[in-house]
Amino acid sequence: MRPLSEAVSQVQMPDLEKVYNDLENFARAVQGVTGLEILEEWRRKLLGRKSGSLARAMRHLGDMDAELRKTLGQALNRAKPAVEETIALKKAQLEAYKASRPAVDVTMPGRQPALGRVHPITRAAREMIEIFGRLGFEVVEGPEVEDEWHNFVALNIPPEHPARDPLDNYYLDDRLLLRTQTSTVQIRVMENRPPPVRIIAPGRVYRPETVDAGHSNMFHQLEGLWVEQGVTFADLKGVLSMFARAFFGADVRTRFLPSYFPFTEPSAEFYVSCLLCRGKGCPACKGSGWMEVAGCGMVDPNVFEAVGYDAEEVTGFAFGFGIERPAMLKYGINDIRLLFENDLRFLRQF
Ligand SMILES: [Zn+2]
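Start counting the sequence shown at 670; every next residue gets the next number (my numbering).
Written out as structure tokens, the structure is:
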């Protein structure tokens, strides 16, 4: 392109300077071009038949004297194939690069990585464990296949007790069954260490229930036990009330109603004010304004005797929460079966 630039500098005409500038810019930019469309734009700008820079410059030649016309004409005629060749080379380069890679459609929506999340049961259990942890309770786990001693006998449930009916339990053989409660873990801990004991035992339990919106034949419990000198029912009330406020919200109200369990004396049912109607009464709480969330009581001296603790020396309380129930109340789930169907549309909400 040098002959052209020399010719242009001789005539000093603004219209001719444009073609010179365009060619200069093209020479500078061509190596960095990454798309065929941009290359085509350059081709039109420089070589276009009507409005291309070269064609426009050619039209000026008629106004010049013979010698200048000859010099300029030659220069422009040489510039044209040079530009064509440069564009062809660049085009081949771009096409070879494109062919060497798999075609990527950058307009396609990206693939979202499948992120897992914590199951509502696990989430509720973790939160419960965390709250009792703050109150000094240690987490202990035990086997889901239990013997009759830990599941019944040591918990003051004698052979004639209806809870031991084979129809109400998943017996594996004469001696072993799937545990019906996590209180078994309390027995195992007390058998193996002296007081004081302050533990919670979360885990699965099994009962042959007919499955419906409120019942499942497998569910989760979180039991607690505090044994030490001087532990009273007031401590029990304090611990459960504090837990309820931390888990369900500061404005929740609580109450204890007398009840009966073989392994505690006295025993109570622990209620929180209905989270759905705030105590006014609704179908979920059967109009009472209250929901039962736990059973509790002072550990029966017979249980202490079974594990070798001195009932004259120590006292203690025990409590048992289901985990499904509080989770359903807290997250507004109205059917327990949703928790075990593994339907991602349901689980993704948590
Ligand atoms: Zn209610």
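For every residue, glycine included, the Cβ atom is placed at its ideal position computed from N, Cα and C.
Cutting at 6 Å between CB atoms, please list the residues of its own chain near residue 697, excluding the five before and the five after it. none
Residues near residue 894 by beta carbon distance below 7 Å, same chain, minus five either side: 855, 866, 868, 985 and 987
With a threshold of 16 other CB atoms inside 10 Å of the CB of residue 746, please say whether the residue is buried or exposed. Residue 746 should be labelled exposed.
Looking at C-alpha atoms only, which residue of 796, 850 and 711 is the closest neighbour of residue 930? Looking at the Cα atoms, 850 is the closest of the given residues.
Per DSSP, residue 870 is paired with what? 892
Residue interval of the alpha helix (DSSP H) (run including residue 718): Segment: none, residue 718 is in no alpha helix (DSSP H) and carries neither H nor E.
State yes or no: is the C-beta of residue 965 nearer than 7 Å to some heavy atom of ligand 1? no
Using the C-alpha atoms, what's the distance from residue 783 back to residue 890? 30 Å
Output the boundary residues of the alpha helix (DSSP H) element that contains residue 797. 789-803
What's the C-alpha gap between residue 852 and residue 814? Using only the alpha carbons, I get a separation of about 13 Å.
Nearest-angstrom beta carbon gap, residue 925 and residue 967 [assumed within contact, 8 Å]: Not really, about 12 Å apart at Cβ, beyond 8 Å.
Quick check on DSSP: helix, strand or coil for residue 936? Strand.
Give me the DSSP bridge partner(s) of residue 740. Answer is none; residue 740 lacks a bridge partner.
Which of helix, strand or coil DSSP assigns to residue 965: Residue state for residue 965 is assigned as strand, using DSSP reduced to three classes.
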